[in-house]
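In what follows, a single structure is set out as structure tokens and then discussed.
There are 4 protein chains.
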Amino acid sequence: MMMRAGRVHAYHEPITVDEVNIPEIEGPNDVIVKIGGAGVCRTDLHIVEGIWKDAVSNPALPYTIGHENAGWIESVGSAVSHLKRGDPVIVHPLMTCGLCPACRGGRDMYCTDSHFPGLDGTDGGYAEYLKTSVRSVIPLAPGTDPVLLAPYADAGITAYHAIKKLAPLTYPGCRVVVLGIGGLGHFAVQILRALTPATVIAVDAQKQRLAFAESIGSHHGVWAGNDGGVAGVHAIAPEGVDIVFDFVGEHGTPDASLAMLAKGGSYSVIGYGGQVKVPTLDFVNQEINIVGNLVGTYNELAELMELNHQGRVTITAQQFPLADAPKVLAMLDGGQIIGRAVLVP
Amino acid sequence: MMMRAGRVHAYHEPITVDEVNIPEIEGPNDVIVKIGGAGVCRTDLHIVEGIWKDAVSNPALPYTIGHENAGWIESVGSAVSHLKRGDPVIVHPLMTCGLCPACRGGRDMYCTDSHFPGLDGTDGGYAEYLKTSVRSVIPLAPGTDPVLLAPYADAGITAYHAIKKLAPLTYPGCRVVVLGIGGLGHFAVQILRALTPATVIAVDAQKQRLAFAESIGSHHGVWAGNDGGVAGVHAIAPEGVDIVFDFVGEHGTPDASLAMLAKGGSYSVIGYGGQVKVPTLDFVNQEINIVGNLVGTYNELAELMELNHQGRVTITAQQFPLADAPKVLAMLDGGQIIGRAVLVP
Amino acid sequence: MMMRAGRVHAYHEPITVDEVNIPEIEGPNDVIVKIGGAGVCRTDLHIVEGIWKDAVSNPALPYTIGHENAGWIESVGSAVSHLKRGDPVIVHPLMTCGLCPACRGGRDMYCTDSHFPGLDGTDGGYAEYLKTSVRSVIPLAPGTDPVLLAPYADAGITAYHAIKKLAPLTYPGCRVVVLGIGGLGHFAVQILRALTPATVIAVDAQKQRLAFAESIGSHHGVWAGNDGGVAGVHAIAPEGVDIVFDFVGEHGTPDASLAMLAKGGSYSVIGYGGQVKVPTLDFVNQEINIVGNLVGTYNELAELMELNHQGRVTITAQQFPLADAPKVLAMLDGGQIIGRAVLVP
Amino acid sequence: MMMRAGRVHAYHEPITVDEVNIPEIEGPNDVIVKIGGAGVCRTDLHIVEGIWKDAVSNPALPYTIGHENAGWIESVGSAVSHLKRGDPVIVHPLMTCGLCPACRGGRDMYCTDSHFPGLDGTDGGYAEYLKTSVRSVIPLAPGTDPVLLAPYADAGITAYHAIKKLAPLTYPGCRVVVLGIGGLGHFAVQILRALTPATVIAVDAQKQRLAFAESIGSHHGVWAGNDGGVAGVHAIAPEGVDIVFDFVGEHGTPDASLAMLAKGGSYSVIGYGGQVKVPTLDFVNQEINIVGNLVGTYNELAELMELNHQGRVTITAQQFPLADAPKVLAMLDGGQIIGRAVLVP
């Protein structure tokens, strides 16, 4: 049985949509998901650029990308009893062991025996079917349409993880910057409003995105302009802000983010591509912190889906046919996607 | 009435010991402390180098340095009733307002109306007497000799603050590096043993300091050698360590520290002078954190003095006469001080 | 100079409104507040009943009650520079020393040298003027009318304290019961919505209060009925709820609250008068917790006033003239007050 | 194939040692452990008394008791690859699903699909062989003799769990009471010293146990005497103590524990059998907390075994042959066991 799948054949070259075998149940904990939608992420561009190659042990090419997946249960292994064909599900991006201290301790993104479909050479979700593990599947409420929920599986969970980790630092009157109102940033604004009492300042280089940010809950909007938004943020928070969530991580945003912080403030890095440069004196004199962020945990994705179910976090997503995957990646690279693009087989 | 005091007259020039007026009680909350000992700190060298000038609003010169002070109560203002002449005390380095949210919330090092004697142009403790505030004085147990306790007031409290903040991350089996077994580092080894179950790895470029570290509680010693100790630490902790406390902060230690971290690890910066440079990708892929550290709070100094009182933290200190202050600073710069130097009027 | 003040002369007898001397500035940190409004609290009834007598060292009678106060600065002591006559303020109920570890560590309600005007024999705010300390006064935004804000000073801060302490336990999908939608409970519903993502279940014996609770943010309302609401809560949360905030604390609510908890749940006690009785086995088998609550801290009251300023917490308060104080206490005892009663001189 | 097993046939009657079938591997995640030692716990007495019957859904009798087990791997299911015959292991008492939010979030003792061998009708470890799951087995360092380590599996982990949960409340100078220096209490003293800087006060009705407590790390010993030790504790801590860990939970210890607490203190309940009775006013006026404790998590047991491996926690255990199980239970009931009894097949 064959299906279509979008695969990387060589770094720095466009992916192609190929005919490949449909995955099959092999182990007792396997689950096959019929893909409803697969989100298109900036990380997919970075994979094609070869940036991740060394970090994931140089996987053999070709393989299918796509790590932001939702759909319906197609079939399950012999040890899986609580899922049945047709159940709507969203897929946590990591396949984890369930036995290591990290998996047991609520830090499953540090699993010492994990696979990351669509990133580390394991086949991902730019396809009609995806093979994953019972531990990675989150059932959705009966009747839910999973197609446009795919972006929660990576863009959403990553924003949720970064915010939940620092939420205990917030208090009424606390000011927090969301830098970059794209796929992740527009999750972040809503999640901040749902989880914390913070005053939210959106910063972006595109003015229409500031209006969008205010429509979904930000209290202030600052145009990034020539200084990355530093002066605009200081006009609102003269002593600086408590937290900056940087969803860009390149093109000068690390410097701007650090310049926005109050004494004792935290710079949370989610976007990547650039470099952080800071004199050690600043850590001592200002007692600032820099906080890294991997993808979130299974439980965090389940909590985020609960917020979606309650109507407190919603997203803007555009559908494209799977066959257009190469074109959609090019559009993303060119800044032509509004919200998040989702491929539909 | 006159006294001797070690004062900065110009940046990049040695301090001189001058005759100056003895400070007097002016406000109801003032306290005059007769100095028993004043610790000599690397920050005193940095002050003379002009590094702090901009960070503390270019204070008028000359002024008396010395921010690590202990002695006996000499006189008190009208509102002070619980202290009397002759009581042994140690002096928290910061004079704070007691009214701002930071002072009320256990973060007095962020006081919005503070003075830092010996650093910001307010006269410090390289002198026979020091004027401070009732809020900055910690009574010692009756009969305590305060002379050699001075280093607790800054070296000790800074190490204590950095460790207490990250102590909740430790667990049995957790590995922690103390990088730099000098004045602060030798506090750190003992404080880690008193507060946490962590396995302590001392790293230093001088082999005799590693033996010293083991004598006061470290479980392992790694010679910094050519690679800053990275390979030696990985030999003990193949996946990297959970925390690095860097008491050097220059000469390549930031790079070495980051290279020692496990996924999710924290790099705590206490020493300064150098620069941190990290690709944003490392924060995302490794979820590392960088944690800054100001001086500790009044309560933290009180807790540290309790550990000293219980005999769980002790220090090595060498006495020098106040008149030798310029020479002692030169010795510190030349690496000729073992433990901590204390000036005695 | 004389003023009117509502004073307790004997336990179990109504208070009377007497002519007394206006308080005067004596110490450098004293502050005299011209009362705009003084909230009438169930604790005032308990004071008259003699319940607090032993807990506060049997104060000499008569004294002026009223611990929930707001108004304008009338005069200040010599050490107070940031407040001037006419500034609108709300008064934290406790006068604290600012020097003890609790005051320094964000736990000022444990101050070891404190006074509690209106409760411990120190004159309170059922009066035209109140003497307090500079440390107890929170400036309000210029132009704010303090009269009807008085209930924030005790009812509000107590609810805020209880919720802020347990807020870290909440998560999307978490269910929390607010038991008793009176003066404190109607603060609690709004504060929970502002600080946490929890689903809020209001429980009360009066059905119109459930409708009121839903109008200010609760997601569900359960009529206490014959079983204290236990069955109704289990219909919504079959495994039990994560937290019960009990603003009644008597008439069977402790038993009902404990019966509503899920495994690992927390019962937060704010109301009082009754008794908690639990087999130790329940603590072991269910791992439940019981959490006590004193009044909140100065910083907590400041944060709550920020929520009020942002429009996220508002209250229902009825004005009465100070002369009616005895009658208003009787009305409160009879359940005839809606929201909170405020006495206006 | 047959083996001997100690089974409950009827409540309130002694167990008998019977011939039963040796358990066999059935599912892919099953593990059979050859028992080296099985600890004898006060809970085993309570099971026979019928106290647990209702809490665990009235299990069918007879079944094999024994929930504190260590030994060697005998055989494993098809999905288990990291364990082999002869590996020394200790067994976490709970069999958990690995899929529910609790299992994923570091709270596996709340697993919603769990079994508790030796307690809920599932056969336990008073036997030659025990069937459990791959998720419940903790490998010990190669060459470790597991026989006398069995008590760590329940007595140890329970003490560890209770202490780890409250360890963040401790600080230098903090005073903590360990009430009851029996099987769990003698773990507790050592764990407190390893994890926290607290000053430890042991309280017991038997004076020789106080001497024993001091030999393993307690700073003070207080004889329970007529008042449960309240006066003795107040002589050491006039304001009361921060935490009481009550390993008795009956015969008046709840009242004594509460009377020992300082304002804001926490009473941690581990022993059971009695009742807690407190006026709600005490929770308000004193802001005390009562903290329940289930058994600890898998990760907690792994951390405790690390402390044992480091030599920081050791125990006193007496060996008895499995055939003597009924007699050993009677001895425990009669207070004739020193430290912990371990049955050896």
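Protein chains in written order, with the numbering used here: chain Y, 1224 to 1568; chain C, 1224 to 1568; chain G, 1224 to 1568; chain D, 1224 to 1568.
All residues carry an ideal CB built from backbone N, CA and C; glycine is no exception.
Please work out which residues of its chain come closer than 7 Å, Cβ to Cβ, to residue i, disregarding the five sequence neighbours upstream and downstream, and give them in chain order.
{"i": "C:D1505", "result": "I1511"}
{"i": "G:H1338", "result": "M1318, T1345"}
{"i": "G:V1453", "result": "A1479, A1482, M1483"}
{"i": "G:V1501", "result": "L1481"}
{"i": "D:I1380", "result": "V1518, G1519, E1523, L1524, L1527"}
{"i": "D:I1296", "result": "V1254, V1256, L1306, K1307, R1308, G1309, D1310, V1312"}
Between which residues of its own chain and residue i is the CB-CB distance below 6 Å, once the five residues before and five after are set aside?
{"i": "D:A1434", "result": "none"}
{"i": "Y:G1487", "result": "E1510"}
{"i": "D:Q1542", "result": "V1565, V1567"}
In three-state terms, what does DSSP make of residue i?
{"i": "C:R1230", "result": "strand"}
{"i": "D:F1339", "result": "coil"}
{"i": "D:P1369", "result": "coil"}
{"i": "C:R1398", "result": "strand"}
{"i": "G:Y1490", "result": "strand"}
{"i": "Y:D1505", "result": "helix"}
{"i": "D:I1538", "result": "coil"}
{"i": "Y:Y1521", "result": "helix"}
{"i": "Y:L1433", "result": "helix"}
{"i": "D:A1454", "result": "helix"}
{"i": "Y:E1242", "result": "strand"}
{"i": "D:D1556", "result": "helix"}
{"i": "C:M1483", "result": "helix"}
{"i": "G:S1356", "result": "strand"}
{"i": "D:Q1413", "result": "helix"}
{"i": "G:V1551", "result": "helix"}
{"i": "G:A1460", "result": "coil"}
Mind checking residue i: buried by the 16 CB within 10 Å criterion, or exposed?
{"i": "Y:S1301", "result": "exposed"}
{"i": "G:E1277", "result": "According to the sequence displayed, residue 1277 of chain G carries Asp and not Glu. Classification of G:D1277: exposed, given that the 10 Å Cβ count is below 16."}
{"i": "C:A1540", "result": "buried"}
{"i": "G:Q1509", "result": "buried"}
{"i": "G:S1225", "result": "What sits at residue 1225 of chain G in the sequence shown is Met, not Ser. Exposed is the call here."}
{"i": "G:E1272", "result": "exposed"}
{"i": "C:A1354", "result": "The identity of residue 1354 of chain C in the sequence shown is Lys, whereas the question assumes Ala. The residue is buried, with at least 16 neighbouring Cβ atoms inside 10 Å."}
{"i": "Y:Y1394", "result": "buried"}
{"i": "C:E1236", "result": "exposed"}
{"i": "D:N1531", "result": "buried"}
{"i": "D:G1406", "result": "buried"}
{"i": "G:K1430", "result": "exposed"}
Which same chain residues, not among the five before or five after residue i, have their C-beta less than 8 Å away from its C-beta?
{"i": "C:T1552", "result": "The question names Thr, but residue 1552 of chain C is Leu in the sequence shown. The answer, listed in chain order, is P1237, I1238, V1263, D1267, L1268, V1271."}
{"i": "C:D1469", "result": "L1402, G1403, T1476, P1477, S1480, Y1490, S1491, V1492, I1493, G1494"}
Quick check: the segment 1225 to 1233 of chain Y against the segment 1286 to 1306 of chain Y, are there 3 or more CB pairs under 8 Å?
-> With a cut-off of 8 Å, the segment 1286 to 1306 of chain Y and the segment 1225 to 1233 of chain Y count as touching, because enough Cβ pairs lie within range.
Next item on the list: Pick out the complete beta strand (DSSP E) segments inside the segment 1261 to 1306 of chain Y, 3 residues or longer, and give them in chain order.
Entry: Entirely contained in the segment 1261 to 1306 of chain Y, the beta strand (DSSP E) runs reaching 3 residues are, in chain order, 1292 to 1299.
Check: How do the segment 1384 to 1403 of chain Y and the segment 1261 to 1277 of chain Y stand: do at least 3 beta-carbon pairs fall below 8 Å, yes or no?
Finding: no
For the pair the segment 1320 to 1338 of chain G and the segment 1517 to 1528 of chain G, tell me if three or more CB-CB distances fall below 8 Å. yes
Review point. Below 8 Å, can you find three or more Cβ-Cβ pairs linking the segment 1241 to 1248 of chain C to the segment 1389 to 1404 of chain Y?
Key: no
Given 8 Å, three or more beta-carbon pairs between the segment 1473 to 1485 of chain G and the segment 1455 to 1467 of chain D
no
I want to know whether the segment 1359 to 1368 of chain D touches the segment 1302 to 1313 of chain D - three or more CB-CB distances under 8 Å. yes
On the three-pair Cβ rule with 8 Å, is the segment 1370 to 1384 of chain D touching the segment 1553 to 1568 of chain D? A contact between stretches requires three or more CB pairs, one per stretch, nearer than 8 Å, and the segment 1370 to 1384 of chain D meets this requirement with the segment 1553 to 1568 of chain D.
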